[in-house]
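Asks: Structure below; questions to follow.
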Amino acid sequence: MALTLKEKELVAVGISVAAGCRPCTRYHLRAVREAGASQDEIRAGLRVALQARKSAAERMEHWALALLDADEQQTEAEPPAAVDRLEQLTGLGATFSVNCSESLREQLERAEKTQLDRDEILEVVKLAVFIKQMAASHVEKLVGWEPEEKQQSDSQSDRCC
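For reference, each letter of the sequence shown is one residue, going 578 to 738 in this note's numbering.
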């Protein structure tokens with residue numbers, strides 16, 4: 578089952594927020610409104626994305642502190658529980674964008690137990706990869722550095738942000 582434009586843009590907003598990319602967030606907020614999403618739908622996606630970002634930071638904090646002091650016992654933050662299909666898709670994309678492999682593993686396990694099919698998961702992952710690349714390119718431009726691969730792929734930058 579392919580994602581609708583509205584679903585794709587809602588997920589893209591979540592990925593953009595989780596990746597911390599303001600230009601991407603601005604672009605996808607405009608696009609999701611044009612695709613017909615309500616304020617409540619957008620806010621729900623933002624909450625899922627922000628929780629994924631927060632959870633990833635907390636997990637990394639606990640893991641790094643445990644490495645620093647192996648005797649210290651840390652409890653890990655619970656990952657956000659995805660309630661519906663769109664929250665599941667947004668959570669998956671947002672978790673992918675913050676590079677938290679442990680949370681991503683949990684999200685993928687949940688996806689297997691729900692109605693998400695492999696094509697939807699891959700569509701969200703492709704979207705997250707693209708937005709992460711765009712987010713990185715915005716930061717690279719701030720410092721005046723652009724890898725050769727990015728210079729060659731500038732035609733893609735018209736698609737987002």
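From the three backbone atoms N, C-alpha and C, an ideal C-beta is built for every residue, glycine too.
#1: Which class does residue 622 belong to by DSSP, given the choice of helix, strand or coil?
#2: What number of angstroms, rounded off, separates the C-alpha of residue 657 from the C-alpha of residue 704?
#3: Given this structure, state the Cα-to-Cα distance separating residue 601 from residue 663, to the nearest angstrom.
#4: Would residue 673 and residue 681 be called neighbours here (beta carbons separated by less than 7 Å)?
#5: Report the rounded CA-to-CA distance for residue 720 versus residue 696, giving the unit in angstroms.
#6: Could you pull the start and end residues of the alpha helix (DSSP H) that residue 591 belongs to?
#7: Restricting to Cα atoms, I'd like to know which of 637, 644, 675 and 629 is closest to residue 668.
#8: Just mark residue 716 as buried or exposed, buried being the case when its beta carbon has 16 or more other beta carbons within 10 Å.
Replies: Answer, in terms of the structure:
#1: helix
#2: Reliability of the predicted coordinates at residue 657 is poor, the pLDDT of 49 falling under 50, and the value obtained from them is presented with this limitation in mind. Cα-Cα distance, rounded: 21 Å.
#3: 19 Å
#4: yes
#5: 37 Å
#6: 582-596
#7: 629
#8: exposed
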